[in-house]
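Novice: Per numbering that gives the first Met the number 0, numbering through the first sequence is continuous, rising by one, with the last residue being 118.
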Amino acid sequence: MPVPPEDRIVGPGFRQKVYDWVARVPEGSVSTYGDIATLLGSPRVARQVGYALSALPEKHAASVPWHRIINGQGRISFRGDLSRAELQQRKLEAEGVAFDAQGRVVAFAERRWRLFSET
DNA sequence: GGTTTGACCATAA
DNA sequence: CTTATGGCCAAAC
0 MPVPPEDRIV GPGFRQKVYD WVARVPEGSV STYGDIATLL GSPRVARQVG YALSALPEKH
60 AASVPWHRII NGQGRISFRG DLSRAELQQR KLEAEGVAFD AQGRVVAFAE RRWRLFSET
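1. Let's see if you can read the secondary structure: which residues bound the alpha helix (DSSP H) around Asp-99?
2. For Arg-110, count the other beta carbons within 10 Å of its own beta carbon; 16 or more makes it buried, fewer makes it exposed. Which is it?
3. What residues match up with Thr-37 in a beta bridge as DSSP calls it?
4. Tell me which residues share the same chain as Gly-33 and place their Cβ nearer than 6 Å to its Cβ, disregarding the 5 neighbours each side in the sequence.
5. How would you call Leu-81, buried or exposed, if buried means at least 16 neighbouring beta carbons within 10 angstroms?
This is how it looks when you write it as structure tokens:
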């Protein structure tokens with residue numbers, strides 16, 4: 000018997016891929032919208048990555064570490080809902096990710112998940 | 001099927 | 001350092 004639509008993370012094509020890759024980001028590491036978009040095939044779909052995560056219900060927040068996805072500048076990007084931004088920063092800090100006074104991830108280049116060198 | 005909307009990114013000032 | 005503009009592409013209306 001198939002899984003109910005609400006119980007799975009499937010969406011209209013693109014979103015499902017985004018969730019699948021985001022779920023692979025290990026704890027304590029971070030990734031960017033651009034990197035996820037590149038994995039999907041085109042670095043230009045970074046917007047759709049963020050758009051997909053915006054549509055991610057809180058129910059799937061446990062299985063999809065949306066808080067580990069930040070922008071290419073190593074900063075948390077939210078377009079207005081700062082309440083979510085504080086939540087994201089708090090979650091990252093709980094995993095050992097630190098932020099400086101400017102809101103950027105400390106040692107971002109090293110914490111950035113190495114997508115192209117899985118070894 | 002055209003228009004609007006975005007948790008983005010690169011570039012310019 | 002910050003702010004502004006254009007481009008990009010999928011999903012919603």
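All C-beta atoms, glycine included, are put in the ideal place defined by N, C-alpha and C.
Specialist: Based on what the coordinates show:
1. Asp-99 -> no alpha helix (DSSP H), and no H or E assigned at all.
2. Buried: at least 16 other Cβ atoms inside 10 Å.
3. Paired residue(s): none; Thr-37 is not in a bridge.
4. Counting only Cβ-Cβ distances below 6 Å, and skipping sequence neighbours, we find Pro-42, Ala-45 and Gly-71.
5. Around the Cβ of Leu-81, a 10 Å sphere holds fewer than 16 other Cβ atoms; the residue is exposed.
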